[in-house]
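Undergrad: First residue of the sequence shown? That's -8 in the working numbering, and the numbers climb one at a time after it. Quick reminder that beta carbons are idealized off the backbone N, C-alpha and C, glycines included. Fair warning: this is a prediction, and the values are worked out from it, not measured in the lab. Sharing a structure here in structure tokens format.
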Amino acid sequence: MSKSNIAVFGASGNQGNSVVRTILSTPSLSAMYNVRALSRSTTSSAMQDLRSLGAELVQADMDDPSTLPTALSGCTSVFLVTTTQYTGSTREVETRQAKAVCEEAIKQGVKYIIFSSMSHPFKISGGKLKNVEHFDDKAEIETYIRTLPVKSAFFAPASFMQNLLDRMKPRPSPAGDGTFVLADMLPGNTPVPYIDITETGKWIAPILAEPEKYAGKFFAAAEGLYTPDEIASVMSKVTGKTVKHVQLPDEVVKSFFPEGLREQLYEMWVLNREYGYYGEGQKEAVQWAKEQAAGELTGLEAFLRKVEFKLE
-8 MSKSNIAVFG ASGNQGNSVV RTILSTPSLS AMYNVRALSR STTSSAMQDL RSLGAELVQA
52 DMDDPSTLPT ALSGCTSVFL VTTTQYTGST REVETRQAKA VCEEAIKQGV KYIIFSSMSH
112 PFKISGGKLK NVEHFDDKAE IETYIRTLPV KSAFFAPASF MQNLLDRMKP RPSPAGDGTF
172 VLADMLPGNT PVPYIDITET GKWIAPILAE PEKYAGKFFA AAEGLYTPDE IASVMSKVTG
232 KTVKHVQLPD EVVKSFFPEG LREQLYEMWV LNREYGYYGE GQKEAVQWAK EQAAGELTGL
292 EAFLRKVEFK LE
């Protein structure tokens, strides 16, 4: 059986890189697919590592449509990820990029598109959450892709465990007693889905192995649901330090966010608190997607130990 060609966008980033590595390191998938790893630059060490694993490297810039015919020529499948632009124009930029890729993909005879999507806060909230643009735009792109004359599947990653290492990392307690505070605007028992985003390929693998089975499916991709209290407990266990979760008033949390992103980030937390990251049926959606994933997924404790998480 001759191999199919798959074009993987964002191959130097967490999601695309994981997809390329998963295909090339899985004998059953590498027997089915030749991998074309796409990035704006092919000279980075991340891209050169993929070449050494057997990927074909091709320069592609979604903002330069002239690069797309070469990138997609001869491919029957595409993994597409667009990057959030924290400049106030992410909907415009991501939509333009995605449509440019999809239009060229159809011209080149692509039969299957796997898109890195997201939940739809505006729809989930009945129109109350109007500012979570970096989620809504991807959900809208998904809706667009579903209208195209190609088969498709959708990977919607949960909150990244990696965010707990920096922007969401506990801070030393103001009491100066050696304890740490995990502060946000959520009640301590609010379940939030989390994923080690470097494991993206584990959810894409089953789609590539059985594309017909998963055509039209939406993967609420999370290893599990964790409450802030549970996260604090796991962090305490891993570090040997006392970590406590504290729910702060909304206005205090909002004041921490950058001016231009304040409403966007605030409403993202409201989504988790009032509706659930994936909306109604979140627990069941996460469980279904987890059951499809290839191989063991990294839980929060294992992730924190893997990255040698410390508090000091």
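According to the Cβ coordinates, are CYS66 and ARG31 closer than 8 Å?
TA: Contact: no.
Undergrad: Is the CB-CB distance between GLU94 and ILE132 below 8 Å?
TA: Result no, Cβ atoms of GLU94 and ILE132 do not sit closer than 8 Å.
Undergrad: Should VAL10 be labelled buried (16 or more other beta-carbon atoms within 10 Å of its own) or exposed?
TA: Classification for VAL10: buried.
Undergrad: Using beta-carbon positions only, say whether ASP187 and PHE294 come within less than 8 Å of one another.
TA: Yes, they are a contact pair.
Undergrad: Quickly, what does DSSP pair GLN50 with across the bridge? List them, please.
TA: Beta-bridge pairing links GLN50 to SER30.
Undergrad: Given TRP194, which residues of its chain have a CB within under 6 Å of its CB, disregarding the five upstream and five downstream residues?
TA: The answer, listed in chain order, is PHE146, PHE210, ALA212, ALA284.
Undergrad: Do you know whose CA, among THR81, PHE151, GLY117, lies nearest THR191's CA?
TA: Checked all of THR81, PHE151, GLY117; the closest Cα to THR191 is PHE151.
Undergrad: Tell me which residue opens and which closes the beta strand (DSSP E) that GLN88 is part of.
TA: That residue, GLN88, is in no beta strand (DSSP E); its alpha helix (DSSP H) goes 81 to 98.
Undergrad: For the stretch 165 to 176 and the stretch 238 to 253, state whether three or more C-beta atom pairs, one from each stretch, are separated by less than 8 Å.
TA: Cβ pair count under 8 Å is three or more, so yes.
Undergrad: Report the three-state DSSP secondary structure of GLN238 (helix, strand or coil).
TA: Looking at GLN238 - three-state DSSP - the assignment turns out to be strand.
Undergrad: What residue range does the alpha helix (DSSP H) around GLU(-4) cover?
TA: For the sequence presented, residue -4 should be read as Asn rather than Glu. Here ASN(-4) belongs to no alpha helix (DSSP H); instead the beta strand (DSSP E) covers -5 to -1.
Undergrad: Which whole-angstrom value describes the C-beta separation of ASP127 and PHE106, a residue pair presumed to lie in contact below a C-beta threshold of 8 Å?
TA: Contact flag wrong, Cβ pair sits at about 15 Å.
Undergrad: Please list the terminal residues of the continuous alpha helix (DSSP H) segment that includes ALA196.
TA: Its alpha helix (DSSP H) spans residues 192 to 200.
Undergrad: Does DSSP put VAL101 in a helix, a strand or coil?
TA: Three-state result, VAL101: coil.
Undergrad: Where do the N-terminal and C-terminal ends of the beta strand (DSSP E) with TYR257 fall, by residue?
TA: Here TYR257 belongs to no beta strand (DSSP E); instead the alpha helix (DSSP H) covers 253 to 261.
Undergrad: Whole beta strand (DSSP E) runs in the stretch 107 to 180 with 3 or more residues, listed along the chain?
TA: Runs of the beta strand (DSSP E) inside the stretch 107 to 180: 142 to 148, 171 to 175.
Undergrad: Would you mind giving the Cβ-Cβ distance between VAL237 and VAL172, rounded to the nearest angstrom? I have them listed as a contact below 8 Å.
TA: With a Cβ gap of about 5 Å, VAL237 and VAL172 count as contacting.
Undergrad: Can you tell me the Cα-Cα spacing of ARG264 and LEU20, whole angstroms?
TA: Their Cα atoms are separated by approximately 39 Å.
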